[in-house]
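K.L.:
Could you have a look at this structure, given as structure tokens, before my questions?
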Amino acid sequence: MERDALEVLYNQLVDLVNEGKEKDANALILKRFPELPPQLQGEILLRMSTQALNNEADRLEGVARLQEEGEIIVQALDIVRQSLAK
Amino acid sequence: MVMKLEKVAHEQDKRERFEKTTGRTLNPDEKTPDEPKSLSETLKNPAERDLFTQLVKNIDADPDKKTSIAALARLGAEEPLSPDDLALFEKTRYEFALRMQDAKRLDAMLTNDDFDSVMDADPGIRSLVGTLPPGRGVEVMRQSLPMLAMQDRKFLDEFSNAFNRVKAARANPAYKELHARTNALVTRHGFTEKDFAGLIDPNDPTGADSLNRAREKIKQNLKGWDKFKEWARSGKLSSEEARKVCEAAFDIKTSKETGDLEVISKGLGEVGSILLATISGNERIMKEITTEIVTGKKARIAADTGSLKSMDEVKAGAKNFKEADITGTMWTRYKDALESGDTEWGITGDGIKWASRRDKDAKKTEFLGRMGKQEFERTGGFLASLLGAMIARLIGGIDKAKLT
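Quick mapping for you: the protein sequence lines, in order, are chains A and B. According to my numbering, the first sequence holds residues 1 to 86 in order. According to my numbering, the second sequence holds residues 1 to 404 in order.
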């Protein structure tokens, strides 16, 4: 894909995003992705991967915190319940 | 291992030369990079020549750096270079070698299976890779590493840090133990997945409605989480746990809001449902819901500490931003201005400003960089990454013919 064609595609995507049509933007890039220069394909995949990996790491770390908190909460609530039941 | 004196002296010379040329001080335990290739040797190889050109342009885009683009153009035109020209490239030559080394190191570190697991981090990545022939996705990612290193040295670090964070979290024995303990806890308390099972409609073709119902329930249950946590904390922090818990129990008993056993049981159920979500056998629900929980918690913490505006304000801001005509039209105007004379376009705090300036390419880079930042702010994951990469490519393509 030539630089001009890339610029046209970029502007089309930005227009779709500006119009709130992100699904259409996703569909367009899926359709045109194989036409992009290989270097750009790789860059897009790597940038997406970095973001996705960070999100996944946040999730895993967050889940661990939740489980730690949850463990304490359940134990404490259970004791409270028992003491109230007496 | 003991090094011979001659070798020690050689290493020391190499280190001093490196530090003097790059202005970068190496840590004592850091290996001194090998001497970089000569400029002519680098430029003989077309792939390395493109990479070197990209690096020079990136360094030049930084206003604090000396301009070497003109010297590179003279080199491309096979004009004689002055000693000053050569001096300009000396540091770049080292920087080039370092960045190539980083890219090669990352390429060697990651197996094809690693790349494959990376693709699982986001369904959007799988979709894109699915449009390419088998194995091509990994290939293009590997091939892009050197160019990304030239465009943004920090990027490779960010990528490998993110990869290592996920790998460490998954391999962490403490994480696995915690997971097992949570499993035992919810089993002991009789929490089951029936809450989710009741929300899942087997006839729901995409599972989206089921997921939304499950997510909504979790969001409701999460509301009491922090309150329960406070109670729990009062019973947890001291060695006099029993006394503290009794005090907490008394507080709860005398509270109008939470003064009965039913509330406690309900609270246990709510907390249990959230814990269940973290270990659910339904992989998709577990992943989507825990993302929701973690994001929701982060947003609440940020809101509590004043670092995030209310959601309504954020939504209103995003809507206004989307309505602003910032990209397509302005880009056309900017290009027209550049082509018609030495005019620049820029944004000041109170609007658009026009002025005269010579270094159009630098301004163009700045413009695209600014647009890139705005795109990142406006759009989420998939599109943000994609537009960012496209912008980097558009910047990279500026006057390439002139430079090579």
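Each residue gets a CB set at the ideal place from its N, CA and C atoms; glycine is no exception. These figures come from a predicted structure and were not determined experimentally.
Taking just the CA atoms, how far does residue 174/B sit from residue 159/B?
P.N.:
The residue you call residue 159/B lines up with position 159 of the second sequence. The residue you call residue 174/B lines up with position 174 of the second sequence. Cα to Cα, residue 159/B sits roughly 24 Å from residue 174/B.
K.L.:
Is the segment 119-134 of chain B touching the segment 42-58 of chain A in the sense that three or more CB pairs, one from each, lie closer than 8 Å?
P.N.:
yes
K.L.:
CA-CA distance, residue 58/B and residue 151/B?
P.N.:
Residue 58/B sits at position 58 when you count from the first residue of the second sequence. Residue 151/B sits at position 151 when you count from the first residue of the second sequence. Their backbone Cα atoms lie some 6 Å apart in a straight line.
K.L.:
In chain B, which residues lie less than 7 Å from residue 58/A when you measure between Cβ atoms?
P.N.:
Counting from 1 along the first sequence, the entry for residue 58/A is found at position 58. In chain order: 294.
K.L.:
With a threshold of 16 other CB atoms inside 10 Å of the CB of residue 221/B, please say whether the residue is buried or exposed.
P.N.:
On the second sequence, residue 221/B is found 221 positions in, with the first residue counted as 1. Counting Cβ neighbours within 10 Å, residue 221/B comes out buried, since at least 16 surround it.
K.L.:
In the structure shown, what three-state DSSP assignment does residue 172/B receive?
P.N.:
Residue numbering aside, residue 172/B sits at position 172 when the second sequence is read from its first letter. DSSP places residue 172/B in coil when its eight states are reduced to three.
K.L.:
Comparing C-alpha positions only, which one of 134/B, 91/B, 72/B, 35/B sits nearest to residue 24/B?
P.N.:
Working through the second sequence from its first residue, we reach residue 24/B at position 24. The shortest Cα separation from residue 24/B among 134/B, 91/B, 72/B, 35/B belongs to 91/B.
K.L.:
Taking C-alpha atoms, which residue in 102/B, 73/B, 127/B lies nearest to residue 89/B?
P.N.:
By 1-based counting over the second sequence, the position of residue 89/B is 89. Checking every option, the nearest Cα to that of residue 89/B belongs to 73/B.
K.L.:
Over the uninterrupted alpha helix (DSSP H) stretch that includes residue 26/A, give me the two end residues.
P.N.:
In the first sequence, residue 26/A corresponds to position 26, counting from 1. Note, residue 26/A: alpha helix (DSSP H), 22-32.
K.L.:
Give the DSSP-derived three-state secondary structure of residue 28/B in the structure shown.
P.N.:
Numbered from 1 along the second sequence, position 28 holds the residue referred to as residue 28/B. Of the three classes helix, strand and coil, the one that applies to residue 28/B here is coil, per DSSP.
K.L.:
Nearest-angstrom Cα distance between residue 272/B and residue 189/B?
P.N.:
For this step, residue 272/B is matched to residue 272 along the second sequence. For this step, residue 189/B is matched to residue 189 along the second sequence. Linking residue 272/B to residue 189/B through their CA atoms gives a straight-line distance of about 8 Å.
K.L.:
Check the Cβ of residue 218/B against every Cβ in chain A and list those closer than 9 Å, keeping chain order.
P.N.:
Start at 1 with the first residue of the second sequence, and residue 218/B comes out as number 218. Correct list: empty, because the minimum Cβ distance to chain A is about 11 Å.
K.L.:
Do residue 18/B and residue 28/B have their beta-carbon atoms positioned less than 8 Å apart in this structure?
P.N.:
Locating residue 28/B in the second sequence gives position 28, where the first residue counts as 1. Locating residue 18/B in the second sequence gives position 18, where the first residue counts as 1. For residue 28/B and residue 18/B, no; Cβs fall outside 8 Å.
K.L.:
Just verifying my parser: in three-state terms, what is the DSSP assignment at residue 135/B?
P.N.:
Position 135 of the second sequence holds residue 135/B. Coil at residue 135/B, not helix or strand.
K.L.:
Is there a C-beta anywhere in chain A that falls below 8 Å from the one on residue 169/B?
P.N.:
The residue given as residue 169/B occupies position 169 in the second sequence. Taking Cβ atoms only, chain A reaches closer than 8 Å to residue 169/B, which makes this a yes.
K.L.:
Measure the Cβ-Cβ separation of residue 22/B and residue 139/B and say whether it is below 8 Å.
P.N.:
The sequence position of residue 22/B within the second sequence is 22, counting from 1. The sequence position of residue 139/B within the second sequence is 139, counting from 1. Not closer than 8 Å, so no.
K.L.:
Going by Cα to Cα distance, which pick from 218/B, 269/B, 270/B is closest to residue 286/B?
P.N.:
For the purposes of this step, residue 286/B is taken as the residue at position 286 of the second sequence. Of 218/B, 269/B, 270/B, the residue nearest in Cα terms is 218/B.
K.L.:
Check the Cβ of residue 8/A against every Cβ in chain B and list those closer than 7 Å, keeping chain order.
P.N.:
Within the first sequence, residue 8/A is the residue found at index 8, counting from 1. Within 7 Å Cβ-Cβ: nothing; residue 8/A doesn't reach chain B, min ~10 Å.
K.L.:
Check this for me: beta carbons of residue 70/A and residue 268/B, under 8 Å apart or not?
P.N.:
Locating residue 70/A in the first sequence gives position 70, where the first residue counts as 1. Locating residue 268/B in the second sequence gives position 268, where the first residue counts as 1. In this structure, residue 268/B does not lie closer than 8 Å to residue 70/A by Cβ.
K.L.:
Within the same chain, show all residues whose beta-carbon is closer than 8 Å to that of residue 116/B, passing over the 5 residues directly before and after it, in chain order.
P.N.:
Reading the second sequence from its first residue, position 116 is the one you call residue 116/B. Counting only Cβ-Cβ distances below 8 Å, and skipping sequence neighbours, we find 138.
K.L.:
Beta-carbon of residue 4/B versus every beta-carbon of chain A: anything under 8 Å?
P.N.:
Position 4 of the second sequence holds residue 4/B. No, its Cβ sits nowhere closer than 8 Å to a Cβ of chain A.
K.L.:
For a quick check, are the C-beta atoms of residue 55/B and residue 99/B less than 8 Å apart?
P.N.:
Looking up residue 55/B in the second sequence gives position 55. Looking up residue 99/B in the second sequence gives position 99. Closer than 8 Å, so yes.
K.L.:
Using a Cβ cut-off of 7 Å, pull out every chain A residue sitting near residue 284/B, in sequence order please.
P.N.:
Position 284 of the second sequence, counted from the start, is the residue given in the question as residue 284/B. Ordered by position in chain A, no residue passes the 7 Å Cβ test against residue 284/B, which lies about 13 Å from the chain.
K.L.:
On the criterion of 16 or more Cβ atoms from any shown chain inside 10 Å, does residue 68/B qualify as buried, or is it exposed?
P.N.:
In the second sequence, the residue the question calls residue 68/B occupies position 68. Buried, since its Cβ has 16 or more Cβ neighbours within 10 Å.
K.L.:
In chain order, what residues of the segment 115-130 of chain B put their CB closer than 8 Å to some CB of chain A?
P.N.:
118, 119, 121, 122, 124, 125, 127, 128, 129
K.L.:
Between residue 75/B and chain A, is the shortest Cβ-Cβ distance under 8 Å, so that the two count as touching?
P.N.:
Sequence index remark: in the second sequence, residue 75/B carries index 75 (1-based). No, its Cβ sits nowhere closer than 8 Å to a Cβ of chain A.
K.L.:
So, is residue 344/B buried or exposed, given that buried needs 16 or more other C-beta atoms within 10 angstroms?
P.N.:
Residue 344/B sits at position 344 when you count from the first residue of the second sequence. For residue 344/B, the pLDDT reaches just 39, beneath the cut-off of 50, and the residue's location in the model is therefore unreliable, leaving the point undetermined.
K.L.:
Let me know if residue 6/A comes out buried or exposed under the rule of 16 or more other beta-carbons within 10 Å of its beta-carbon.
P.N.:
Position 6 of the first sequence holds residue 6/A. Buried, because 16 or more other Cβ atoms sit within 10 Å of the Cβ of residue 6/A.
K.L.:
What is the rounded straight-line gap between the Cα of residue 31/A and the Cα of residue 127/B?
P.N.:
Within the first sequence, residue 31/A is the residue found at index 31, counting from 1. Within the second sequence, residue 127/B is the residue found at index 127, counting from 1. Whole-angstrom Cα-Cα distance: 11 Å.
K.L.:
Step through the CB atoms of chain A and report whether any lies within less than 8 Å of the CB of residue 41/B.
P.N.:
Mapped onto the second sequence, residue 41/B falls at position 41. Not flagged as an interface residue toward chain A: residue 41/B, since no C-beta distance is shorter than 8 Å.
K.L.:
Could you round the C-beta distance between residue 408/B and residue 36/B to whole angstroms and report it? I think they count as a contact, below 8 Å.
P.N.:
Chain B is shown from 1 up to 404; residue 408/B falls before or after that span and cannot be answered.
K.L.:
Under 7 Å: does the beta carbon of residue 167/B sit that close to some heavy atom of the ligand HEM?
P.N.:
What this structure holds is no ligand at all, so the ligand HEM is not there to describe.
K.L.:
For chain B, find out if any of its Cβ atoms is closer than 8 Å to the Cβ of residue 28/A; answer yes or no.
P.N.:
Locating residue 28/A in the first sequence gives position 28, where the first residue counts as 1. Closer than 8 Å: no.
K.L.:
How would you list, in chain order, the residues of chain A whose beta-carbon sits under 9 Å from the beta-carbon of residue 158/B?
P.N.:
Here residue 158/B refers to the residue found at position 158 of the second sequence. Within chain A, the residues near residue 158/B are 50, 54.
K.L.:
Compute the distance between the beta-carbons of residue 13/A and residue 25/A, then report whether it is under 8 Å.
P.N.:
In the first sequence, residue 13/A corresponds to position 13, counting from 1. In the first sequence, residue 25/A corresponds to position 25, counting from 1. Yes, the pair counts as a contact, with Cβ atoms nearer than the cut-off.
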